[in-house]
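Visitor: Sequential numbering from 1 applies to the sequence shown in full-length UniProt numbering. Beta carbons are placed, not taken as given, at the ideal position from N, Cα and C, and that holds for glycine. The structure that follows is given in the form of structure tokens.
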Amino acid sequence: MTTTQPERTLVLIKPDGVTRHLTGEVLRRIEAKGYTIVALEQRTVGTELLTEHYAEHQGKPFFAPLLEFMMSGPVVAAIAEGHGVIEGFRSLAGTTNPTSAAPGTIRGDLGRDWGTTVQQNLVHGSDSPESAEREIALWFPQG
Ligand code: RTP
Ligand code: MG
């Protein structure tokens with residue numbers, strides 16, 4: 001039996017998740033699914049990093065509130081590894097809007113609408129192999 005190289009994805013626990021003490025719960029779900037956390041760091045981030053991270057959303061109405069939200073408290077950045085982890089973590093996270101995200105998912109079980117202009121939805125996960133490579137290099141430039 002031959003196996004292929006495992007994949008890596010960037011996971012962020014956003015300030016709402018860290019502030020609500022859900023870091024352990026999110027990491028528990030990733031590990032329980034069978035993925036490995038290969039890097040983990042809590043930090044506060046600035047406009048420069050976030051503008052690059054969310055480059056695809058520049059010009060959208062939620063861009064400025066999104067950056068403001070992401071700078072409202074510490075963020076936990078992690079690299080998760082395993083075959084299919086990019087799709088697998090997006091599936092664990094659930095759809096973007098926490099109000100309608102399916103029960104059983106991180107956003108569906110733990111998130112809701114708090115009346116803010118930007119959706120506070122606890123986590124981020126890279127959405128493709130290209131995004132994962134770009135985002136991992138951005139958040140963990142030391143390798
Ligand atoms: P993410 O990039 O954080 O994993 O989430 P996603 O793919 O599910 O969502 P995306 O469309 O990439 O949007 C990035 C983040 O911006 C916030 N957002 N708010 N209309 C809104 O209020 C709105 N739309 C997007 C969310 O925090 C979303 O995760
Ligand atoms: Mg996205």
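1) Would you kindly check if the distance between the Cβ of Q119 and the Cβ of P98 is under 9 Å?
2) Could you check if T105 belongs to the surroundings of the ligand RTP, using beta carbon to heavy atom distance under 8 Å?
3) DSSP beta-bridge partners for A39?
4) Taking buried to mean at least 16 other C-beta atoms within 10 Å of its own C-beta, is M1 buried or exposed?
5) Consider the C-beta atom of A93 and the heavy atoms of the ligand RTP; say whether any pair is separated by less than 8 Å.
6) DSSP state of R8, grouped into three classes?
7) Taking any heavy atom of the ligand MG as the mark, which residues have a C-beta closer than 7 Å to it, listed down the chain?
Guide: If we stick to the structure as given:
1) Here residue 98 refers to the residue found at position 98 when the sequence shown is read from its first residue. Here residue 119 refers to the residue found at position 119 when the sequence shown is read from its first residue. Yes, they are a contact pair.
2) Here the question's residue 105 lines up with position 105 in the sequence shown. False, no ligand heavy atom lies under 8 Å from that Cβ.
3) Locating residue 39 in the sequence shown gives position 39, where the first residue counts as 1. Paired residue(s): I79.
4) On the sequence shown, position 1 is the one that residue 1 refers to. Its Cβ having fewer than 16 others within 10 Å, M1 is exposed.
5) In the sequence shown, residue 93 corresponds to position 93, counting from 1. Checking the Cβ of A93 against the ligand RTP gives yes.
6) Here residue 8 refers to the residue found at position 8 when the sequence shown is read from its first residue. Looking at R8 - three-state DSSP - the assignment turns out to be strand.
7) H124 and D127
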